[in-house]
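All remarks here apply to the structure that follows.
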Amino acid sequence: MKPLFVALAFLFLATAPASAALTPAELGKVGIDMPKDAHLPLGEKFVASTGTPMTLGEALAGKPGLMVIADFTCRTLCGTAIAMAADAAAKSGLTPGKDFSFVVVGFDPRDRPSDAAAMKAEHINDGPVKKNAVFLSGSAEAEAAVTNAVGFSYAYDKADDMFAHPTAAFAVAPNGRVTQVLTSTSITGDKVRLALVEASHDRIGTIADHIRLLCYGLDPASGVYNAGVLTWLRTGGGAIVTLLALGIAGMAFARRERPRRTG
């Protein structure tokens, strides 16, 4: 996959105070460059915001998931990115905990489960998503295994004790394969639904959802759906309708021209 620098507006706003401390070269490395066939390390051990030890695989619980990578002590826009992803998940029409898992993984090993709990309490509205959301913090090695798996790159500004980092949500299949990246600035309930339906391997969603997936298609370079296939279908469908209309008109004309019987 080509480098995907997601949510640039978020990135620039989040790093504005640190821009003097981070060089252009350092900022240029910040982004998401997801490897082909990216898989999450499901066996990595973390601690949930409740203090319960948990692997990433246990957090996904065998379901397709929506995952956000965040800094739990971020003073800028991590909370907003989590809130937007949670809101979109709530509007997807799917049931959290049943149809999908909502997981937030911290990337700053200094953050504690209490920091994760505070972030969850402050930035996710009460409801099914919050009830089922799992916030994970862990060792530097465990967190690096996740960020490296999806090509999530960030830079640390020591002067301001802040991170410059991208914001995005990742759709994940039950086996840990990352199927799509959703940018925080354009994430919607509809996009989350389609992404999770695709990641579920036909386990969730309606027939209409799967038809929409076939129609819209997925751009593997950008990780977003496009209307190319839909345009083709519309063009082909229009041609078929035209041919049918011409056929009907031809039969009607032939009927009018047929000699009438005389009594």
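When we follow my numbering, the leftmost residue of the sequence shown carries the number -1, and every step to the right adds one.
Heads up, the beta-carbon is just placed ideally off N, CA and C, and yes, glycines get one too.
Fair warning: this is a prediction, and the values are worked out from it, not measured in the lab.
Item                                                                                                                                                                                 : Value
Excluding the 5 residues preceding and the 5 following Cys111 in the sequence, name in chain order all residues of the same chain whose CB lies nearer than 6 Å to its CB.           : In the sequence as displayed, the identity of residue 111 is Pro instead of Cys. Closer than 6 Å at Cβ, skipping near neighbours: Val45, Ser47, Gly49, Ser135.
Since Pro94 sits in a beta bridge, which residues does DSSP pair it with?                                                                                                            : Phe98
How far does the alpha helix (DSSP H) with Thr145 in it extend, from its first residue to its last?                                                                                  : 138 to 148
Taking the alpha-carbon positions, what's the Lys27 to Phe168 distance?                                                                                                              : 20 Å
Could you name the residues of the same chain whose beta carbon sits closer than 6 Å to that of Asp106, not counting the 5 residues immediately before and after it, in chain order? : Asp69
Buried or exposed for His199, please, with buried defined as at least 16 other CB atoms from any protein chain shown within 10 angstroms of its CB.                                  : exposed
Can you tell which of Thr53, Met65, Thr186 has the C-alpha that lies nearest to the C-alpha of Ser137?                                                                               : Thr53
Just to confirm before moving on: does the CB-CB distance between Leu194 and Leu92 stay below 8 Å?                                                                                   : yes
Since Asp188 is in the beta strand (DSSP E), which residue starts that stretch and which ends it?                                                                                    : That residue, Asp188, is in no beta strand (DSSP E); its alpha helix (DSSP H) goes 187 to 197.
Can you tell me whether Glu139 is buried or exposed? The criterion is at least 16 other CB atoms within 10 Å of its CB, across all chains shown.                                     : exposed
Take Lys189 as the anchor and find which of Lys129, Arg175, Ala166, Asn173 has the nearest alpha-carbon.                                                                             : Ala166
Could I get the ranges of all uninterrupted alpha helix (DSSP H) runs contained in the region 113 to 140, with 4 residues as the minimum, in chain order?                            : 126 to 130
Starting from Asp85 and walking both ways along the alpha helix (DSSP H), at which residues does that stretch end?                                                                   : 76 to 88
If I measure Cβ to Cβ from Leu20 and keep anything under 8 Å in the same chain, skipping five residues before and after, which residues do I get?                                    : Thr13, Ala153, Asp155, Ala162
Based on the DSSP output, what are the partners of Tyr154 in its beta bridges?                                                                                                       : Phe161
Would you identify the three-state DSSP class for Pro51, choosing helix, strand or coil?                                                                                             : strand
Measure the CB-CB distance between Leu40 and Gly174 and report whether it falls below 8 Å.                                                                                           : yes
Please state whether DSSP places Ala166 in a helix, a strand or coil.                                                                                                                : strand
By the three-class DSSP mapping on this structure, what secondary structure does Leu20 have?                                                                                         : coil
Check each candidate in Thr181, Gly55, Ala157, Glu120 and name the one with the smallest Cα separation from Ile30.                                                                   : Thr181
Tell me, please, which residues DSSP counts as bridged to Ala46.                                                                                                                     : Leu134
Would a C-beta distance cut-off of 8 Å place Ser99 and Lys61 closer than the cut-off?                                                                                                : yes
Excluding the 5 residues flanking Arg73 on each side, which residues of the same chain have their C-beta closer than 8 Å to its C-beta?                                              : Met160
For His37, collect the residues of the same chain with a Cβ closer than 6 Å to its Cβ; drop the 5 residues on either side in sequence, then sort them by chain order.                : Gly174, Arg175
Using a 10 Å radius around the Cβ and a threshold of 16 neighbouring Cβ atoms, would you call Glu196 buried or exposed?                                                              : buried
Return the first residue and the last residue of the beta strand (DSSP E) that Thr181 is part of.                                                                                    : 176 to 181
On a Cα-Cα basis, can you pick out the residue from Pro94, Lys129, Phe150, Pro164 that is closest to Pro33?                                                                          : Phe150
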